[in-house]
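**Student:** What follows is a structure written as structure tokens; I'll ask about it next.
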Amino acid sequence: MSIHEAKNMKRRRILQALASLPLFALGLRIAAAAAATTNNSLASIQQNWKTLLAKDANVAESTAPIQKTEAEWKQILANEQFFVLRKEATERPFTSPLNAEKRAGVFVCAGCTLPLFSSQMKFESGTGWPSFFTSIPGHLATKQDFQMIVPRTEYHCVRCGGHQG
Numbered sequence: 017m018s019i020h021e022a023k024n025m026k027r028r029r030i031l032q033a034l035a036s037l038p039l040f041a042l043g044l045r046i047a048a049a050a051a052a053t054t055n056n057s058l059a060s061i062q063q064n065w066k067t068l069l070a071k072d073a074n075v076a077e078s079t080a081p082i083q084k085t086e087a088e089w090k091q092i093l094a095n096e097q098f099f100v101l102r103k104e105a106t107e108r109p110f111t112s113p114l115n116a117e118k119r120a121g122v123f124v125c126a127g128c129t130l131p132l133f134s135s136q137m138k139f140e141s142g143t144g145w146p147s148f149f150t151s152i153p154g155h156l157a158t159k160q161d162f163q164m165i166v167p168r169t170e171y172h173c174v175r176c177g178g179h180q181g
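So in the working numbering, spot 144 of the sequence shown is number 160, and the numbers just go up one at a time.
Printed below as a string of structure tokens:
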């Protein structure tokens, strides 16, 4: 191995380490949020989400899949909601009013009103998007996403297939 190749390898390792720092920091924040639930076990938080529903909440109670045409989705969703939920777009960071939401309650899918998360599951990730360390069991599906080359986990509502992140 030449000196030039050794320098390139060292530079590559430094760049790889620097690139992984944000993921490490996010992992620490997730761990801190999970540790903050000392009063409530994860299972308890996942099971007791219904206690946070408003009495007059109009939410989907079934996870049975629903099908709508693209035209039907465009009719019931705002333009930005349509592109995020149906076309897997990403809203700009720090633009969602839900990011600063602190009240007790339940976060539902904007496409079909299926409850996805409770306020007890939310934590501040610093990413600019609402972040949750767990979800309501059986209400989200995942798939691998390779749009950024590195594999990521993509989350979808099990009822309507709406992209959640």
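All C-beta atoms, glycine included, are put in the ideal place defined by N, C-alpha and C.
On the three-pair Cβ rule with 8 Å, is the stretch 66-85 touching the stretch 104-116?
**Tutor:** no
**Student:** Between the C-alpha atoms of Ile92 and His155, what's the straight-line distance to the nearest angstrom?
**Tutor:** Note on geometry: alpha-carbon atoms of Ile92 and His155 lie some 21 Å from one another.
**Student:** Buried or exposed: where does Phe162 fall if 16 or more other Cβ atoms within 10 Å of its Cβ makes it buried?
**Tutor:** exposed
**Student:** Which of the three DSSP states is assigned to Arg108 in this structure?
**Tutor:** coil
**Student:** Entirely within the stretch 77-109 and at least 4 residues each: give me those alpha helix (DSSP H) ranges in chain order.
**Tutor:** 86-92 and 95-103
**Student:** Going by DSSP, what residue range makes up the beta strand (DSSP E) through Ser134?
**Tutor:** Pro131 to Ser134
**Student:** CA-CA distance, Tyr144 and Pro109?
**Tutor:** Sequence inspection shows Gly at residue 144; the Tyr mentioned does not correspond to that position. Using only the alpha carbons, I get a separation of about 4 Å.
**Student:** Can you name, in chain order, every residue of its own chain whose Cβ lies under 6 Å from the Cβ of Arg102, other than the five neighbours on each side?
**Tutor:** Trp89
**Student:** Just tell me which of Ser134, Phe149 and Thr158 has its CA closest to the CA of Ser141.
**Tutor:** Out of Ser134, Phe149 and Thr158, Phe149 has the C-alpha closest to the C-alpha of Ser141.
**Student:** Return the CA-CA distance between Lys66 and Leu130, expressed in angstroms with no decimal places.
**Tutor:** 12 Å
**Student:** Select from Thr106, Pro167, Glu170 and Ile152 the residue whose C-alpha is nearest the C-alpha of Ala59.
**Tutor:** For Ala59, the closest alpha carbon among the candidates Thr106, Pro167, Glu170 and Ile152 is that of Ile152.
**Student:** Would you tell me roughly how many angstroms separate the C-alpha atoms of Phe99 and Gly178, rounded to the nearest one?
**Tutor:** 10 Å
**Student:** By Cβ distance below 6 Å, which residues in the same chain neighbour Ser134 in space, the five residues on each side in sequence not counted?
**Tutor:** Trp65, Leu68 and Val122
**Student:** Measure the C-alpha to C-alpha separation of Glu170 and Phe139 and round it to an integer number of angstroms.
**Tutor:** 18 Å
**Student:** On the three-state DSSP scale, how would you describe Ser60?
**Tutor:** Of the three classes helix, strand and coil, the one that applies to Ser60 here is helix, per DSSP.
**Student:** Count the other C-beta atoms from every protein chain shown that fall within 10 angstroms of the C-beta of Ala126, then say buried if there are 16 or more, exposed otherwise.
**Tutor:** buried
**Student:** What is the DSSP secondary structure of Thr150, reduced to helix, strand or coil?
**Tutor:** coil
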